[in-house]
Amino acid sequence: MSTFTFGFVTTQLEQFQMQNDVSKNYNKIPKINIWASKDLHHKLEEVHKKLVTIYNHLEEYFNSSLPLKKIDVIAIPGLSLMQPADNWGLIMFKERELLQPGYYHIAQELIYQWLGSWITPYWWDDAHVNKALASFLAANIVFEINNGREFNGKYPMTILYSLYYEFSKRYPHSRITGMKQETTSYKTELVMRMLNYTLGDNLFREGIRTFILKHQYGTFREYELWDILTKQAYLDNTLNLEYNISEIVKSWIIKDRLPVVDVKRDYVDKTALATQKVYLRERPHDVPERDKMLWWIPLVVVQENDINFSNTTPVKWLANTKTQILENLPGDDKFVIVNPEEIGPFPVNYDVKNWNLLSNFLQTSKGLSAIPTYTRAKLLHDAWNLAYAGDLNFASALNMTLFMKLERNHIVWNPVFTFIDHIGRHIDNSNIQEKFQNYVIHLLTPLYLEMNETTITDEAMFDLKSMAETFLCRAGYKPCVQEAREAFKLWMDSPNPDEQIMAPNKFICPIFKWGSMEEWQFGLHRVINFPKSRTQSERTYLLKNLAGCPVHSEKIAQLLNLTIIQGNSNFTENDIFLIFNMLSSGSCGYKALFNFLSDNWSFVRQRFETKTNLWDSMVGSATRMFTTEEGYQMVKKLYDQHKNEFGSALHIIEKSMRNIKEEVKWSDINLPVIEKWLTDYLATSE
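Number 46 in UniProt numbering belongs to position 46 of the sequence shown; there are no gaps in the numbering.
See the structure below:
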């Protein structure tokens with residue numbers, strides 16, 4: 001243990017008394033006390049039951065009880081800490097944190113009593129393992145108690161997808177130390193989850209029990225945990241004696257990257273070549289020493305001729321090697337799935353034939369029932385991210401969305417909305433944008449109409465309906481636009497329009513995007529005349545949509561003239577930053593900003609001469625988002641004309657030109673493929 005775990009509280013809070021003290025039935029456990037404001041006590045009975053339930057599960061899991069007579073849990077009003085404070089036998093929560101529904105956050109803090117206080121990390125560089133272990137075990141406990149109901153399908157997808165995006169950038173974390181520490185902890189947690197799947201849940205259960213017996217009242221180094229788990233895996237006969245968990249885990253933790261596994265099948269020999277490489281989504285793929293990076297990757301395989309998602313034992317490991325041969329695969333009419341259920345934190349690519357087999361199978365009712373939710377979401381998410389990265393033909397990725405006409409699970413739909421947003425932004429400046437919008441309408445309309453006809457009580461399904469409506473409106477779905485205009489007219493006709501926003505938020509962007517100049521100007525006047533007595537976040541929301549939603553350059557030109565040329569006093573510098581940022585989100589915006597900068601160069605340069613942050617922001621927003629050769633030539637012409645006048649923004653426009661060159665390569669390869677697929681799809685759909 002460490003003196004760091006000591007804590008005490010002096011307080012006038014009162015101890016909560018259970019009417020029917022459930023803890024008296026568990027004489028082995030420490031007495032769990034809750035201290036809180038008296039007016040909170042009527043809400044604490046359920047909290048106390050949760051604490052006891054979680055403690056019992058942990059005591060059984062660890063096969064040990066804490067050597068404490070009591071655990072004091074304190075709900076402190078106005079506690080300023082970002083996280084609950086954990087001390088030996090003392091846990092301090094914010095009031096609202098203790099009262100929030102679910103078990104996970106309480107389980108995590110109770111686990112820290114065993115792993116954090118009773119057994120303490122030796123030094124700060126071991127703390128990320130302690131945090132990862134507590135988070136992983138807390139999630140396990142929640143699944144034991146209520147099958148993970150409170151996660152609503154978001155665990156581990158939320159953290160996994162964020163890591164996929166972060167580690168596939170050219171510069172992960174942007175060198176932000178705090179973010180790096182957080183993502184390292186998340187990645188370690190996911191590696192623990194991977195080991196739990198592939199080496200069996202007995203690994204952690206028995207391994208942690210041994211770990212506690214050995215290190216209670218003491219400290220531990222990271223390697224000591226891995227050594228104990230390795231010995232347990234040998235006892236369980238789940239790990240090759242030539243492997244060790246420390247080496248496996250180290251290959252994942254020390255790199256700010258994740259791998260992708262490419263599976264190319266030989267349908268004649270019924271084998272496949274599995275190859276690992278660094279997963280890079282953001283272009284260019286010029287990461288130093290990327291060819292030297294290797295991971296220990298378990299290869300769990302599901303075959304169509306024997307669909308069994310309960311067997312998560314790897315058939316092979318990519319044991320710090322570039323390639324591995326998979327054998328005894330099915331014939332050329334059956335698919336394989338590698339890394340089902342996101343067992344390991346890595347995407348998987350296949351040959352085109354296997355992708356087509358998967359797409360065809362998922363378009364049947366049997367396919368939807370045979371392949372579990374997480375795996376359906378993974379296949380979809382992997383396909384479009386690999387296509388975006390340039391590793392998969394976009395026709396294959398778009399084919400993987402065809403089964404969505406049958407899909408009604410929000411977990412599988414979530415990556416679809418991200419796909420629509422990312423690809424929609426990329427092709428926003430091309431002549432296939434209208435076809436893509438029609439594809440979105442065809443894809444989402446059946447789901448939306450079906451959900452409109454049913455009463456929705458589930459929060460996740462309500463969110464799904466809301467997302468479908470939002471993206472339909474963005475795509476110009478006529479019933480949505482009409483409904484938005486009718487709602488907006490009520491606001492325009494109101495006698496005191498500045499008293500409140502009378503149109504629902506979901507209709508603001510569709511109106512500013514598809515509505516008339518008169519409707520847009522009405523919104524502009526609401527921003528200008530916005531009363532100081534009202535919540536300013538409402539004004540910010542209006543301004544973001546005024547700048548970010550229009551598809552007609554006249555609206556943007558008027559906004560820029562008003563704020564920059566005329567210098568309207570109702571708009572602050574923060575407002576102008578916000579406008580520049582929002583204009584970069586769509587081709588109408590950044591093109592209009594670019595043209596405005598080109599046409600008013602001398603005035604704007606002088607206006608922002610002493611305001612380099614605004615100048616840099618404007619140049620970046622006006623130049624960095626182009627994706628075509630035409631756009632590159634426009635930016636290059638501006639650069640050549642004013643090369644010696646950019647000042648602090650010179651490196652920004654030079655970086656923009658480098659990035660545009662990469663995007664042009666992507667567009668030249670992928671836009672013709674996307675256009676052909678959309679043309680064929682829409683012709684068939686019609």
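In this text, a Cβ means the ideal position worked out from N, Cα and C, and glycines have one as well.
Top-ranked residue by Cα proximity to residue i, from the options
i, options, result
"asparagine 545", "Leu559, Thr535, Lys532, Arg534", "Leu559"
"serine 667", "Glu630, Met634, Glu182", "Glu630"
"valine 664", "Lys154, Lys50, Thr628", "Thr628"
"valine 263", "Asp463, Tyr350, Ile423, His215", "Tyr350"
"leucine 299", "Ala272, Glu14, Arg281, His426", "Ala272"
"alanine 319", "Glu247, Leu115, Asp286, Pro288", "Glu247"
"alanine 484", "Leu464, Phe512, Asp493, Ile74", "Phe512"
"phenylalanine 4", "Pro340, Val440, Thr120", "Thr120"
"threonine 401", "His381, Ala389, His410", "His381"
"threonine 323", "Lys38, Leu392, Val260", "Val260"
"serine 466", "Phe417, Gly424, Arg425, Gln100", "Phe417"
"asparagine 339", "Asn354, Gln363, Pro314", "Pro314"
Local conformation of residue i per DSSP, three classes
i, result
"valine 191", "helix"
"methionine 492", "helix"
"glutamate 675", "helix"
"proline 121", "strand"
"lysine 513", "helix"
"glutamine 500", "coil"
"glutamine 15", "strand"
"methionine 92", "strand"
"arginine 265", "strand"
"aspartate 79", "Residue identity differs from the one stated: residue 79 is leucine in this sequence, not aspartate. Leucine 79 falls in the coil class under three-state DSSP."
"aspartate 680", "helix"
"valine 604", "helix"
"isoleucine 420", "helix"
"aspartate 428", "coil"
"aspartate 458", "coil"
"residue 699", "Within the shown structure, residues of the chain are numbered from 1 to 686, placing residue 699 beyond reach of any answer."
"phenylalanine 4", "helix"
"isoleucine 54", "helix"
"aspartate 86", "strand"
"asparagine 25", "Its pLDDT being 46, under 50, asparagine 25 is placed unreliably by the model, and the measurement read from it follows with that caveat. Reduced to three states, the DSSP call for asparagine 25 is helix."
"alanine 475", "coil"
Buried/exposed call for residue i, threshold 16 Cβ in 10 Å
i, result
"tryptophan 296", "buried"
"asparagine 25", "Interpretation of asparagine 25 is limited by its pLDDT of 46, a score under 50 that renders its predicted location unreliable; no figure is taken from the coordinates."
"methionine 92", "buried"
"tryptophan 491", "buried"
"methionine 625", "buried"
"lysine 555", "buried"
"valine 142", "buried"
"tyrosine 197", "buried"
"phenylalanine 571", "buried"
"proline 672", "exposed"
"histidine 42", "exposed"
"isoleucine 579", "buried"
"leucine 517", "The identity of residue 517 in the sequence shown is methionine, whereas the question assumes leucine. Its Cβ having fewer than 16 others within 10 Å, methionine 517 is exposed."
"lysine 591", "buried"
"methionine 192", "buried"
"glutamate 576", "Before going on, a small fix: residue 576 reads as isoleucine here, not glutamate. Its Cβ being crowded by 16 or more others within 10 Å, isoleucine 576 is buried."
"methionine 179", "exposed"
"arginine 539", "buried"
"asparagine 574", "exposed"
"threonine 10", "exposed"
Under 7 Å between C-beta atoms of residue i and residue j
i, j, result
"leucine 682", "asparagine 438", "yes"
"threonine 219", "alanine 132", "no"
"residue 758", "cysteine 588", "Since the first residue shown for the chain is 1 and the last is 686, residue 758 is missing from the structure and cannot be characterised."
"proline 510", "cysteine 473", "yes"
"asparagine 152", "alanine 460", "yes"
"proline 30", "leucine 68", "yes"
"glutamine 216", "tryptophan 118", "yes"
"alanine 487", "phenylalanine 462", "no"
"histidine 57", "isoleucine 34", "no"
"serine 621", "leucine 583", "yes"
"tryptophan 384", "phenylalanine 419", "yes"
"leucine 362", "phenylalanine 335", "no"
"asparagine 354", "proline 330", "no"
"alanine 370", "arginine 281", "no"
In chain order, each alpha helix (DSSP H) run of at least 4 residues that lies wholly inside the segment 276–351: none
Taking the runs of the alpha helix (DSSP H) that are 4 residues or longer, which of them lie wholly in the segment 142–221? 157–167, 177–199, 202–215, all fully within the segment 142–221.
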